[in-house]
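Asker:
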Amino acid sequence: YNREQYTHFDSGVGLFVGDTPFGEKVAKYWNGKPEILEHARTAVDWLCRHNYRVDSPFTVERREPPSVSISLVPSSSQPGPGRLLCSVMDFYPAEIQVRWFQGQQELSEHVV
Numbered sequence: 149y150n151r152e153q154y155t156h157f158d159s160g161v162g163l164f165v166g167d168t169p170f171g172e173k174v175a176k177y178w179n180g181k182p183e184i185l186e187h188a189r190t191a192v193d194w195l196c197r198h199n200y201r202v203d204s205p206f207t208v209e210r211r212e213p214p215s216v217s218i219s220l221v222p223s224s225s226q227p228g229p230g231r232l233l234c235s236v237m238d239f240y241p242a243e244i245q246v247r248w249f250q251g252q253q254e255l256s257e258h259v260v
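Just so we're aligned, residue 149 is where the sequence shown starts under this note's numbering, counting upward by one.
1. Can you tell me whether Thr190 is helix, strand or coil according to DSSP?
2. Report the residue from Pro214, Glu152, Glu254 and Val236 whose alpha carbon sits nearest the alpha carbon of Pro169.
3. With DSSP as the reference, label Glu254 as helix, strand or coil.
4. Quick one: is Ala175 buried, meaning 16 or more other Cβ sit within 10 Å of its Cβ, or exposed?
5. Which residues mark the beginning and the end of the beta strand (DSSP E) in which Phe157 is found?
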């Protein structure tokens, strides 16, 4: 609701779990309805596990190397060579760490 997850089904315990105070009330209500619980438990097999097997080559196992470009950006306020800009795009998964090195030494100052 309102782009906020308020409850979810935890297949490890076979029950709905509230993520917000409102969601806790909803989870308690749904957990008290055997037909809703049974539907959710069986959906884990016929929907979730099935879709995981079908989709995982395109999601979980997907690897896209980054496209990297480095450019010199002139400084408008200070004389000198300017700054280096590193752009890293079009990669997957999203977790990435960009580090600057000078020779074998990692730079930590003046790095944004």
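Beta carbons: idealized from backbone N, C-alpha and C, even for Gly. Source: prediction; values computed, not measured.
Answerer: Result, derived from the coordinates:
1. Position 42 of the sequence shown, counted from the first residue, corresponds to residue 190. Thr190 falls in the helix class under three-state DSSP.
2. Start at 1 with the first residue of the sequence shown, and residue 169 comes out as number 21. Answer by Cα proximity: Glu152.
3. Within the sequence shown, numbered from 1, the residue matching residue 254 stands at position 106. Correct three-state label for Glu254: strand.
4. Indexing the sequence shown from 1 puts residue 175 at position 27. Buried: at least 16 other Cβ atoms inside 10 Å.
5. Against the sequence shown, residue 157 aligns to sequence position 9. Note, Phe157: beta strand (DSSP E), Thr155 to Asp158.
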